[in-house]
Amino acid sequence: VASLAPVSQIVAPLQNRLADRYLLVALWAPCAALGVALELAARRTRPPLGAVIVVASFGTLALLSGARGLLFADPVALFAEASERTTSDPRPALLLGDALFAREQYADAEIAYRAAIDREDADAASWLKLGNALALLEDYTGAAHAFEAAIRRSPELAAAHNGLGASLMHLSVENPARR
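Numbering (our numbering), first residue to last: 1074 to 1252.
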């Protein structure tokens, strides 16, 4: 969790910028409701039911708008912009790849993982993610190379051994002459 802190510092301003239009409503509606409540209190009258419904509706709209802006911002857009802003840190590109991989956009995920690997000496997990994306794209030769790179960096990584074995199996099935 601590290793993601710098990434959250990059992503938070982007997420806030995407949510600005919703936060305007979230800030305006409670102010309007407070204004109506103060006006009614100054008159010392009981508010009519219609006014209560309107104020409650504005409050609900404000909460929903604020929550939508903060919770449902597009992670791919956030990480893409963060990845473009930071050219030396591989984490935003890895997170972009993960978001694309989760959407089953494996070709785009491959590009993001390669960008992360190119930014610095990548760890075994980065190569493993690239290998998984390549395997799902049925590029078993590229996947095998990525899994081998992951194994060189972390020989105990069982998932890399498993991916390498599966890739080599697919290659031998596709090309019987390699047996």
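Glycine residues also receive a C-beta, built at the ideal position from the N, C-alpha and C atoms.
{"Item": "Where residue 1205 falls, given that 16 or more other Cβ within 10 Å makes a residue buried", "Value": "buried"}
{"Item": "DSSP state of residue 1237 mapped onto helix, strand, coil", "Value": "helix"}
{"Item": "Whole-angstrom distance between residue 1171 and residue 1254, CA atom to CA atom", "Value": "Limits of the chain in this structure are 1074 at one end and 1252 at the other, which puts residue 1254 out of reach."}
{"Item": "Buried versus exposed call for residue 1245 [16 or more other C-beta atoms within 10 Å across all chains shown]", "Value": "exposed"}
{"Item": "Assigned exposure category for residue 1126 - 16 Cβ within 10 Å defines buried", "Value": "exposed"}
{"Item": "Entirely enclosed alpha helix (DSSP H) segments - the region 1138 to 1208, minimum 4 residues", "Value": "1148 to 1158, 1164 to 1175 and 1179 to 1192"}
{"Item": "Distance, residue 1224 Cα to residue 1168 Cα", "Value": "22 Å"}
{"Item": "Neighbourhood of residue 1188 by C-beta, 6 Å cutoff - its chain only, sequence neighbours within 5 removed", "Value": "1166"}
{"Item": "Contact set for residue 1157: own chain, Cβ-Cβ below 6 Å, skip 5 residues either direction", "Value": "none"}
{"Item": "Cutoff 8 Å; reference residue 1174; Cβ partners in own chain excluding five residues on either side", "Value": "1182, 1202, 1205 and 1206"}
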